[in-house]
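In our numbering, the protein residues as written are -11 to 78.
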């Protein structure tokens, strides 16, 4: 079980113990990890249907086109430098 899944489950359980109806806003307020609203909605809906939170993993950050280009340029520079060094050693 992922840390995020455990954290959502714990938030829901705490709300139930406090006799509060779990809602997206209440769950989000109790999380230490920032999650997109659709993820919390999905978890809450699953819990309401099955009394179980689905396995949720944190997605890697999506890079912008500029960030990807910058990374690729750095890789090309590193590879070009390495290739030049290898050719000079021959």
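We put the CB at the ideal spot given by N, CA and C, even for glycine.
Asked                                                                                                                                            : Found
I'd like to check one pair, residue 41 with residue 35: are the Cβ atoms closer than 7 Å?                                                        : yes
Under the assumption that residue 44 contacts residue -8 (Cβ atoms under 8 Å), give the Cβ distance between them as a whole number of angstroms. : 5 Å
Can you give me the C-alpha to C-alpha distance between residue 22 and residue 52, rounded to a whole angstrom?                                  : 20 Å
Quick check: what's the CA-CA separation for residue 10 versus residue 20?                                                                       : 17 Å
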